[in-house]
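J.: For any residue, its number in the numbering used here is found by taking its place in the sequence shown, counting from 1, and adding 221.
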Amino acid sequence: EPRGHDMMSGSIFYPPSDPLNDFGILFIETSGCLPMCGHGTIGAITIGIEEGLLRPKIPGNVRMETPAGLVQIQYQQTGKKVDWVKLTNVKSYLAASDLKIESSILGELRFDVSYGGNFYAIIDTQPNFSGMQDFSASKLVQFSQEIRDRINKKYADNFIHPDDDTIRNVSHIMWTGKTISPDATARNAVFYGDKAIDRSPCGTGTSARMAQWYAKGQLKLGESFVHESIIGSRFIGRIEAETTLAGKPAIIPSIQGWAQVYGYNTIIIDDADPYAHGFQVI
222 EPRGHDMMSG
232 SIFYPPSDPL
242 NDFGILFIET
252 SGCLPMCGHG
262 TIGAITIGIE
272 EGLLRPKIPG
282 NVRMETPAGL
292 VQIQYQQTGK
302 KVDWVKLTNV
312 KSYLAASDLK
322 IESSILGELR
332 FDVSYGGNFY
342 AIIDTQPNFS
352 GMQDFSASKL
362 VQFSQEIRDR
372 INKKYADNFI
382 HPDDDTIRNV
392 SHIMWTGKTI
402 SPDATARNAV
412 FYGDKAIDRS
422 PCGTGTSARM
432 AQWYAKGQLK
442 LGESFVHESI
452 IGSRFIGRIE
462 AETTLAGKPA
472 IIPSIQGWAQ
482 VYGYNTIIID
492 DADPYAHGFQ
502 VI
């Protein structure tokens, strides 16, 4: 890394369905497609602007269609370089709190489920989990694979987006722990796909965690939320507005971060190659 690993995600650009918007996007990863992806948005906007793939109607502002809804984006550009990207995400909310699940290794765990574009099971520090800083990434993956499966069996169809019933069940597990930097608000390690830990602080995860903190009175409108990842990278989150979703309290969160273009990849298919469409050794 950073020039490749087997759990990378991607973005596909489409023409917008509404002419008022700039473009549509589909986020892909090894487990399928995502309704929304925060770090994917930051990367897609950065390369889209720098490479001329996107030409926003209003420079510095982008209206992006996602399966989760319209996402409005600001960016700052110096010359050809995009310095930062700030996205105003979809409505985010705490879906459930103080639930229980049994881990065969850790024992009983309590968790909350929060939505920020995907449904997250958020596991805060507790007697059977001292914090993500005390476990390797491979251990967190091992815990997560079992826990996500058990959550979605025990709480089957408990978590369904009120406006889109195709968005359902827990797709991500967020483990929390001690921050690296004293000026960070919180830190996480997010499990996604089949075997990955997010290298970024996770945009939809940051939104979900801000919604969790807001619902519990730990974060207020307009306050900054500096979120660290497992490697110490950061997003700056903020609650931009208070709102409701299906009659329940929700927030409009924003996430700001940066991305760097680190390479170009050309993939070709040769019809004479019997393995042209790939294979996997497991």
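Just so it is clear, CB atoms sit at the ideal spot from N, CA and C, and this is done for glycine as well.
1) Do residue 258 and residue 425 count as a contact pair if the criterion is CB distance below 8 Å?
2) Candidates 237, 249, 234, 260: which alpha carbon is nearest residue 480's?
3) Measuring straight from C-alpha to C-alpha, what distance separates residue 408 and residue 353?
4) Considering only C-alpha positions, which residue in the set 239, 231, 332, 364 is nearest to residue 247?
5) Under a three-way DSSP split, which group does residue 333 fall into?
6) Applying the 10 Å Cβ sphere with the 16-neighbour rule, what's the burial state of residue 486?
7) Opposite residue 228 in the DSSP bridges: which residues?
8) Can you say whether residue 303 is buried or exposed, counting buried as having 16 or more other CB atoms within 10 angstroms of its CB?
9) In terms of DSSP beta bridges, what is residue 342 paired with?
10) What three-state label does DSSP hand residue 355 in the structure shown?
11) Which residues bound the beta strand (DSSP E) around residue 162?
12) Identify which residue in 452, 456, 451 has its Cα closest to the Cα of residue 445.
13) Out of 476, 484, 345, 347, which one is the CA nearest neighbour of residue 268?
14) Within its chain, find whatever has a CB closer than 7 Å to the CB of residue 436; leave out the 5 residues flanking it on each side and keep chain order.
15) Can you check which of these residues, 234, 238, 235, 253, is closest to residue 414 by C-alpha distance?
16) Going by Cα to Cα distance, which pick from 499, 421, 292, 393 is closest to residue 373?
17) Can you round the beta-carbon distance between residue 329 and residue 349 to whole angstroms, since I take them to be within the 8 Å contact cut?
18) Buried or exposed for residue 440, going by 16 or more other Cβ atoms inside 10 Å?
19) When we look at the beta-carbon of residue 299 and count the other beta-carbons within 10 Å, is it buried (16 or more) or exposed?
T.: Once the coordinates are examined:
1) yes
2) 260
3) 9 Å
4) 231
5) strand
6) exposed
7) Its beta-bridge partners do not exist; DSSP assigns none.
8) buried
9) 334, 394
10) helix
11) The question about residue 162 has no answer here: the residues shown for the chain are numbered 222 through 503.
12) 456
13) 484
14) 315, 470
15) 253
16) 393
17) 6 Å
18) buried
19) exposed
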